[in-house]
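Structure first, then comments.
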Amino acid sequence: ILEKHAHKTFMVEQVADLRRWRYGEAGAIAEVGINKIGGARWSFVPDDIKLLFARIRERHTTTLGQVADIFVGVQTSADKIYIRKSTSTTADTITFTDIAGTKWTIERDIVRPSLLDVPLDAFSKPACNSVIVFPYKIIDGEAITYTPAEMR
647 ILEKHAHKTF MVEQVADLRR WRYGEAGAIA EVGINKIGGA RWSFVPDDIK LLFARIRERH
707 TTTLGQVADI FVGVQTSADK IYIRKSTSTT ADTITFTDIA GTKWTIERDI VRPSLLDVPL
767 DAFSKPACNS VIVFPYKIID GEAITYTPAE MR
C-alpha cells in the first residue's frame with residue numbers, strides 16, 4: 647500500500663499459489679530496506695533461494711554471458727501492431743491482416759521471423775509462427791528507418 651510519507655523499509659509478499667492467495671492464504675512476507683532497491687532491476691528472492699544461488703556461483707564462476715552471445719532479437723512495445731501472422735507468402739512478399747482488419751501485401755525484406763506466445767522448451771528449437779514488421783536497414787550496426795521514397 648503506497649503512502650505519502652517516506653519509510654525506511656517495506657514489505658514484500660512472496661505468493662506461491664495465486665489461486666489460494668486470492669482466497670486469503672498469505673504468502674511468505676519479508677521486510678526489505680529501501681537501500682536494497684534503486685534504478686536497477688528489483689529482485690525479491692527469498693533468503694533460502696539467495697543462499698542456493700550463492701552456493702552455485704561459488705562452485706561455477708563462469709557465467710553464461712562468458713560462453714555464449716545471448717541475442718534477444720527484434721523487439722517491440724506494440725506487439726499487436728507490428729507482429730502479424732501471415733495469410734500467404736511468396737518468394738518476395740508476405741500477406742497479412744493488420745489490427746484494423748486491412749489486408750496488406752509487403753516485401754519480405756521488411757519483416758523478420760518472430761515467436762509470438764511460443765513455449766520455449768529446454769533443448770529444442772522453437773518454430774517461428776509470425777513475423778515482425780522491421781522497416782529498417784542496418785548500417786554499421788545501427789538500424790536506420792527506410793525513407794518513404796525507399797518504401798515505394
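FYI, the numbering used here numbers position 124 of the sequence shown as 770, with every residue one higher than the one before it. Beta carbons are placed, not taken as given, at the ideal position from N, Cα and C, and that holds for glycine.
Q. Do residue 718 and residue 760 have their C-beta atoms closer together than 9 Å?
A. Result no, Cβ atoms of residue 718 and residue 760 do not sit closer than 9 Å.
Q | Beta-carbon spacing of residue 678, residue 655 below 9 Å | A | Yes.
Q: Grab the span of the alpha helix (DSSP H) containing residue 712 for me, first residue to last.
A: Where residue 712 is concerned, the enclosing alpha helix (DSSP H) stretches over 710 to 713.
Q) Quick one, which of 733, 738, 687, 753 has its alpha-carbon nearest residue 747's? A) Nearest option by C-alpha distance: 733.
**Q.** Rounded separation between residue 729 and residue 652 - CA only
**A.** One C-alpha to the other measures close to 42 Å.
(Q) Within a Cβ cutoff of 7 Å, which residues of the same chain sit near residue 791, ignoring the five residues on either side of it in sequence? (A) Closer than 7 Å at the Cβ level, and outside the excluded window around residue 791, lie 781, 782.
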